[in-house]
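Chemist:
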Amino acid sequence: MTRESRGIQSIEVGGELLRALARSGEPMMLRDLAREAGMPPAKAHPYLVSFSRIGLIEQDETTGRYEIGALALELGLISLRRLSAVRIATPRIASLADGINHAVSLSVWGTHGPTVVRLEEPSHPVHIAMRVGSVVALLETATGRAFAAFMPPNAVKTALDSGLDRLGVGYNPKRAPASAKTTEMLAEVRSRGLARAIGDPLPGVNAFAAPVFDHAGHVALVITAMGPEGTFDVGWDSAIAAALRGCAGEISRQLGHGTVQEPRPESR
Numbered sequence: 001m002t003r004e005s006r007g008i009q010s011i012e013v014g015g016e017l018l019r020a021l022a023r024s025g026e027p028m029m030l031r032d033l034a035r036e037a038g039m040p041p042a043k044a045h046p047y048l049v050s051f052s053r054i055g056l057i058e059q060d061e062t063t064g065r066y067e068i069g070a071l072a073l074e075l076g077l078i079s080l081r082r083l084s085a086v087r088i089a090t091p092r093i094a095s096l097a098d099g100i101n102h103a104v105s106l107s108v109w110g111t112h113g114p115t116v117v118r119l120e121e122p123s124h125p126v127h128i129a130m131r132v133g134s135v136v137a138l139l140e141t142a143t144g145r146a147f148a149a150f151m152p153p154n155a156v157k158t159a160l161d162s163g164l165d166r167l168g169v170g171y172n173p174k175r176a177p178a179s180a181k182t183t184e185m186l187a188e189v190r191s192r193g194l195a196r197a198i199g200d201p202l203p204g205v206n207a208f209a210a211p212v213f214d215h216a217g218h219v220a221l222v223i224t225a226m227g228p229e230g231t232f233d234v235g236w237d238s239a240i241a242a243a244l245r246g247c248a249g250e251i252s253r254q255l256g257h258g259t260v261q262e263p264r265p266e267s268r
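Quick look at the structure:
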């Protein structure tokens, strides 16, 4: 008979609040959060104060709602990095960044949409409005489009309906694409095997993004190469595009994906 290790009951009780917030996936008011955790608001509040102090949660000063804090996001990113796809891809994007001499990011589909989990910087400085932990716009960035083009249509529709396209870096409310334009744009991404952004949404910065698939054919992550427009060749048959496709294809093969999509060649 094994003896159960001794724990701290108050931490376990407070943990119900964190679980309730995680299940919700969106900011919650105190009364709703306490109800979901099965405790009165007066009991829940001291736990929330302590969790706020250490960064597990944070409270919006305007709405009063509680949401996941910086420490919880950092822990989540550490967990994501431990996934096999991210572990396999990390050294390869470092080699890719060295080879093309441009910044390369690694993104996964997180709670709030496409989320950057790794960023390899080039030898020369590039002004890029993203960092590890950044969420990028779903339809207005190369990274987001690469996810949207290869995810199940129902998942994309759900994300758009819930407003995930309005949460990320690069979102422009004045340029929300119409449905027909969106369909055409994503069809091109599927045809090319790459998503492309030319000086938009970041002026002066070009980007290519390529999906990485797992053994079941699902998008496991997206690799994005970014650089200044003066040195970043945006031709579909450019050396940068070829290197990115090759890197994504090799990682996909290591994850058990049997078919590598061959892009249609086209001159610039």
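Per the UniProt record's numbering, the very first residue in the sequence shown carries number 1; after that it's consecutive. Virtual Cβ for every residue (Gly too), placed ideally from N, Cα, C. These numbers were taken from a predicted model, which means no experiment stands behind them.
#1: Should T63 be labelled buried (16 or more other beta-carbon atoms within 10 Å of its own) or exposed?
#2: Using 9 Å as the threshold, is the C-beta distance between A85 and V108 below it?
#3: To the nearest angstrom, how far is the alpha carbon of G217 from that of H257?
#4: Could you check if R245 is buried or exposed, using at least 16 other CB atoms within 10 Å of its CB as the buried criterion?
#5: Consult DSSP for N89 and reduce its assignment to one of helix, strand or coil.
#6: Which runs of the beta strand (DSSP E), 3 residues or longer, sit entirely within the region 93-137?
#7: Based on Cα-Cα distance, which residue from A159, V205, P153, T158 lies nearest to residue 271?
#8: Is the shortest distance between the beta-carbon of T183 and the beta-carbons of chain C less than 9 Å?
#9: Rounding to the nearest angstrom, what Cα-Cα distance links A20 and A197 in this structure?
#10: Just to confirm, is the Cβ distance from V104 to A225 under 9 Å?
#11: Considering only residues of the same chain and omitting the five flanking positions on each side of G25, which have a CB-CB separation below 7 Å?
#12: Can you round the beta-carbon distance between V219 and A210 to whole angstroms, since I take them to be within the 8 Å contact cut?
#13: What is the residue span of the beta strand (DSSP E) that L139 lies within?
Modeler: From the atom records:
#1: Position 63 of the sequence shown, counted from the start, is the residue given in the question as residue 63. Classification for T63: exposed.
#2: Position 85 of the sequence shown, counted from the start, is the residue given in the question as residue 85. Position 108 of the sequence shown, counted from the start, is the residue given in the question as residue 108. The answer is yes: Cβ separation under 9 Å.
#3: Your numbering for residue 217 matches position 217 in the sequence shown. Your numbering for residue 257 matches position 257 in the sequence shown. Answer to the nearest angstrom: the Cα atoms are 6 Å apart.
#4: Counting from 1 along the sequence shown, the entry for residue 245 is found at position 245. So R245 counts as buried.
#5: For this step, residue 89 is matched to residue 89 along the sequence shown. Reading off the sequence shown, one finds Ala at residue 89, where the question assumed Asn. The DSSP-derived three-state label of A89 is helix.
#6: Segments of the beta strand (DSSP E) lying fully in the region 93-137: 103-110, 113-120.
#7: Coverage of the chain is limited to positions 1 through 268, which leaves residue 271 absent and any answer about it impossible.
#8: This model lacks chain C altogether, as it is built from one protein chain only.
#9: Indexing the sequence shown from 1 puts residue 20 at position 20. Indexing the sequence shown from 1 puts residue 197 at position 197. Whole-angstrom Cα-Cα distance: 38 Å.
#10: By one-based count along the sequence shown, residue 104 stands at place 104. By one-based count along the sequence shown, residue 225 stands at place 225. Yes, Cβ-Cβ distance for V104 and A225 is below 9 Å.
#11: As a position in the sequence shown, residue 25 is number 25, starting the count at 1. Same-chain partners within the cutoff: T111.
#12: Residue mapping note: residue 219 aligns to position 219 of the sequence shown, counting from 1. Residue mapping note: residue 210 aligns to position 210 of the sequence shown, counting from 1. Contact between V219 and A210 fails: their C-beta atoms lie close to 10 Å from each other, not under 8 Å.
#13: Locating residue 139 in the sequence shown gives position 139, counting from the first residue. Careful: L139 lies outside any beta strand (DSSP E) and carries neither H nor E.
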